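Residue numbers (the working numbering): 474 to 711.
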Ligand SMILES: N[C@@H](CCC(=O)N[C@@H](CS)C(=O)NCC(=O)O)C(=O)O
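Structure representation (structure tokens):
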């Protein structure tokens, strides 16, 4: 019998987006329940996830929360559908998992942490400085992990033809990086600087941002407008 999967989500949420990327890539059917984040959570949802956050996954009656745990669970549950990460007992599997985990950790702790500073960047110069810091982080931390392993035919982490768990966990943020820097909602100096200083990283980012499993629920207009509004609010409060 097929597994019964329900994803509690909101399409504006980059964390919930991780679960969508995993499910799309695995090709697993699921039911979707949209949680309205603009009002308090219903008691029914708080029973599913007492933290009130999305995503939550219901899998054959079991609840799993926290996006990285949800994505890892799906990858481990369906190792044969579209291997997102090798099983740890396979030859080289544990090492490959460690490499992916380190890449994801570097993406968030070094690069995305700079993006989170945009809420306090009030002037063009401050915003450009964040852009430079993002590319400096990509150069120091991510370029060495991608250069020499990816190619146009195998553009994903470790020289994979298909998305891996590295892209499942970073993809929703990467598609925002590409789209929002193009539209100038995030620092518009990033694309040119990144293409010049971090060619492997930027080629990887383009491939990730164009992948159908990543773009599936990504509504660029909605995300652009909501990010712009959130930044304006944060800057007014800063
Ligand atoms: N660490 C959580 C973060 C999830 C999260 O922050 N979700 C946001 C939407 S992007 C949320 O549900 N916010 C609702 C609220 O704070 O009330 C994860 O990775 O799943």
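Positions of the beta carbon are idealized from the N, C-alpha and C atoms, including for glycine. In this text the structure is predicted, and so the values were computed from the model without any measurement.
| Asked | Found |
| --- | --- |
| Best match in 665, 637, 636, 638 for proximity to residue 650 [C-alpha to C-alpha] | 665 |
| Bridge partners - residue 707, DSSP secondary structure assignment | The partner list for residue 707 (beta bridge, DSSP) is empty, contrary to what the question assumes. |
| Identified DSSP bridge partners for residue 505 | 480 |
| Minimum C-alpha distance to residue 478 - residue among 528, 592, 516 | 528 |
| Buried or exposed (CB count within 10 angstroms, at least 16 for buried), residue 533 | exposed |
| Residue 546: first and last residue of the uninterrupted alpha helix (DSSP H) it sits in | 540-550 |
| Whole-angstrom C-beta distance between residue 640 and residue 681, which should lie under 8 Å | 5 Å |
| Residue 525 beta carbon near ligand 1 (any heavy atom closer than 6 Å) | yes |
| Separation of residue 519 from residue 598, as counted between CA atoms | 43 Å |
| Residue 510 Cβ short of 6 Å to ligand 1 heavy atom set | yes |
| At least 3 beta-carbon pairs within less than 8 Å: the region 618-636 vs the region 565-576 | yes |
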